[in-house]
Every structure is written in structure tokens, then in C-alpha cells.
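Numbering (this note's numbering), first residue to last: 613 to 1005.
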């Protein structure tokens, strides 16, 4: 019988204990994999959605709320700002471009965003079919919006106030007509309904008002020079009635807030894996003592000490490898399940169908932990004297 089959028979002789060791290792590994997938995908999404946007200017209030509403479309706006104030800021020498956005309504939970053609350039969004909006009450759907609603070019719909997913419309007297559908961008644009600023003003009764009375929600600003990063936010916050918020800073603050809970779960997972490794160590050491007669008989039959080392190591590493592989599967499965819970127009998708480079390090770490766990039992097996083992009762 080969050493591998012998190690397998030893593990099969204790099925409940073997299963317990594998499950403990798998739970620790799965938790670490899930946290890695969640934090990595969340960070990537934050960076993609804010790419090319140096500053967001809007109504005074919470800067994080302003960023979440204007860029990530995951919160309600802090309020509106006057169009003439926004136009004045756009002329500032520190501003390279300022894209206006007007928020407030939604369609089946997908936010309706009033903007202009520069918005598509900012996000690199291109049409998959149809045409861009040209007149009032025309709209272009993001790829995810079109998929979820089942609407296509030529369809008509009416918006509702807020982000509620209920289909009841509050603006049935102002229907939009779909003129185009965007290709997927991998950003928040995929979940939006895009229309002109004039359409939003028309719905809310502001189109006929003079420019001085019109409002927008925010400006997505790009700096004209590096010095603008120091001067423009201070200028806006100190000398105007507006608020300037940095997407990079607020995204980092958001990840820090989430990171406290993530770190706690990560420590729990590491403790769980350490406990599992300790249980494997105790099991191997105990089994070594219980099978001393078997080991002595193997030596008498001609097995070298290194073969006994390989036998103990094979038994321990089988448990670790099985636990690590099961943990990877469970971690990805948990990420996919969690992503299905988060599936929604205003939420961030998380998928288990992705591989992060850090998973290779996790797997390597688990294998190293298993090797260290097997080290002492294997050494004890190597040092055993077969004659002494046979004389013991």
C-alpha cells in the first residue's frame, strides 16, 4: 500500500474528526476570500466611478453625501444650487471642465440624471444603439437600466420622485421617450437614465423660468492644473454658498468606515484558521501516539524514517489542502450570494465570478500554515525508535 493510500485510510477511519478539521479550515479561508473579494471589488468600483472627476461642487451639507449622490448615485442629494452660480464657477481659471448634473427623479429605482454631452465624454460612454437625446423629454438608458426594465429605443416612460423602485409615477404628464441605449461602461452610468437639463426643468416646472431661477444639483469638476487641488476647494468652501468635496478623499473615508468592520472579521477569520491549524496539530500528535505500533511495524518492514515523515505530512497536508480548496469555493459562493442580495439599481454589484491576485497568497499562506502544523508531528515520527515502540504496552 502506498503512503498516500495509507494516509487516506487513516483519515477515513476518523470521518467525523476529519470533516471537523476540514470545515474549520474552510470557514476561516472562506471568510478571508469573501472579505478580499468584497473590499477589492468595492475599491475598484469607487475608483472607476470617480475616474476623471477631481472635485464635486454642490449644496452645503455632508461632503460624503454629496459624493455618494452625485457620483455613485447611492444617496439623496444635499440640495440644489443656482445655475448662475455654477456657470460662474465654470469660468474660473482653475477649472478645466465642469459637467452639470441635475438629480431628483428616478424610473423603477434607476436615477434620472439631467446633464449635457460632456457627461458622456467624461465617462467614455458610447451608444450601443439608437441616438443621443437632442430635444426635451428624450432619454438615453444605461445598459443595466435597459436590461432590468426591458425598455429599448422607442419606449416611453414617466419618472417618479426620489429613488423608490415602485412603478407608480408622479410625473405621468411628462413622459420621456427612449432614443438610445448605451454600451456597458462598468461604471454607475450603466444604471442611470440620462436626459437633458431642459427635460428635468420641464418636468419640475422650471423650463420657462429665467436662467437666474434655474437650478442644478452638482458640478463634476476637472482641475486645470495641479495647483487647483490646493486652491479651488478652499475658494469654493470659504467664499461661496457652495460646497466642494473631493471624491478621492471621501471614497477613502468611506472605505475606512467600512474597513473597521472588515478588519474585525479578518481577525476573526485568522483566529479561526489558527484554531483549526492547532486542532490539526493536536490530532496528528495524538494519532501519532495511538499508531505507534503501526509506525514501528512499518520500520521493521523496511520503511525509512523519511517515509514516516512523509506519511504524517501527507495526512496533515491532505486536511489543509481540502480545507483551503473548500474555503475558496465557499468564499466565492458567499460573494456571489451576497452580490445577489445587493443586486439593485442604486447598489454596487459584487460577484463571485472573479479571481483576485491576493487569493494566490491566501492559498500559499494556508499551505505554509499546514506545513508548519505538520512539522513537529513529522519530526517526532522521524525520531521514534522502532524497538522502543514495540516494547511499549
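Built from N, CA and C at the ideal position, the CB exists for glycine as well.
Query: DSSP-derived helix/strand/coil call for residue 974; Result: helix
Query: Residues near residue 812 by beta carbon distance below 6 Å, same chain, minus five either side; Result: 714, 726
Query: Any 3 or more C-beta pairs closer than 8 Å across the stretch 641-650 and the stretch 868-879; Result: yes
Query: Proximity of residue 711 and residue 723 at Cβ, strictly below 7 Å; Result: no
Query: Residue environment, residue 984, which counts as buried when at least 16 other CB atoms sit within 10 Å; Result: exposed
Query: Runs of alpha helix (DSSP H) wholly within the stretch 817-878 (minimum 4 residues, chain order); Result: 840-851
Query: Coarse secondary structure for residue 786, derived from DSSP in three states; Result: coil
Query: Cβ-based neighbour list, residue 884, same chain, cut-off 8 Å, excluding 5 preceding and 5 following; Result: 636, 639, 640, 643
Query: Pairwise C-alpha distance: residue 927 and residue 897; Result: 11 Å
Query: Option in 783, 768, 767 with minimal Cα separation from residue 774; Result: 783
Query: Residue from 894, 971, 946, 965 whose Cα sits closest to the Cα of residue 563; Result: Any question about residue 563 goes unanswered here, given that the chain covers just 613 to 1005.
Query: Pair within 7 Å by beta-carbon distance, residue 793 and residue 758; Result: yes
Query: Residue 952, enclosing alpha helix (DSSP H) - first and last residue; Result: 917-954
Query: Secondary structure of residue 711, DSSP reduced to three states; Result: strand
Query: CB contact flag (residue 732, residue 769, <7 Å); Result: no
Query: Residue of 801, 933, 827 minimising C-alpha distance to residue 657; Result: 801
Query: Residues bridged to residue 617 [DSSP beta-bridge criterion]; Result: In DSSP, residue 617 forms no bridge with anything.
Query: Per DSSP, the bridge partner or partners of residue 806; Result: 725, 752
Query: Residue 773, DSSP secondary structure in three states; Result: strand
Query: From 734, 881, 651, residue whose alpha carbon lies closest to that of residue 834; Result: 734
Query: Distance between residue 621 and residue 909 (C-alpha atoms, nearest Å); Result: 17 Å
Query: Per-residue DSSP class, three states only, for residue 706; Result: coil
Query: Three CB pairs or more closer than 8 Å across the stretch 840-859 and the stretch 667-675; Result: yes
Query: Whole-angstrom C-beta distance between residue 682 and residue 717, which should lie under 8 Å; Result: Going by Cβ atoms, the distance from residue 717 to residue 682 rounds to 15 Å, so no, they are not a contact pair.
Query: CA-to-CA distance, residue 764 to residue 855, given in whole angstroms; Result: 37 Å
Query: Contact set for residue 795: own chain, Cβ-Cβ below 8 Å, skip 5 residues either direction; Result: 737, 738, 739, 740, 755
Query: Among 618, 627, 633, nearest to residue 890 - alpha-carbon criterion; Result: 633
Query: Distance, residue 628 Cα to residue 662 Cα; Result: 51 Å
Query: Beta-carbon proximity of residue 921 to residue 990, cut-off 7 Å; Result: yes
Query: Residue closest to residue 619, alpha-carbon to alpha-carbon, out of 815, 919, 697; Result: 919
Query: Spatial neighbours of residue 844 in its chain, beta-carbon cut-off 8 Å, leaving aside the 5 residues before and after; Result: 667, 704, 706, 707, 833, 835, 856
Query: Option nearest residue 674 by Cα separation, candidates 968, 690, 684; Result: 690
Query: Best match in 868, 807, 808, 798 for proximity to residue 1030 [C-alpha to C-alpha]; Result: Beyond the ends of the chain as shown, which are 613 and 1005, falls residue 1030; an answer cannot be given.
Query: Classification of residue 963 by the beta-carbon crowding that lies within 10 angstroms, buried from 16 upward; Result: exposed
Query: Assigned secondary structure, residue 651 (DSSP; H/G/I helix, E/B strand, else coil); Result: helix
Query: Supposed close pair residue 686, residue 678 - CB separation, criterion 8 Å; Result: With 8 Å as the limit, residue 686 and residue 678 do not qualify as a contact, their Cβ atoms being about 12 Å apart.
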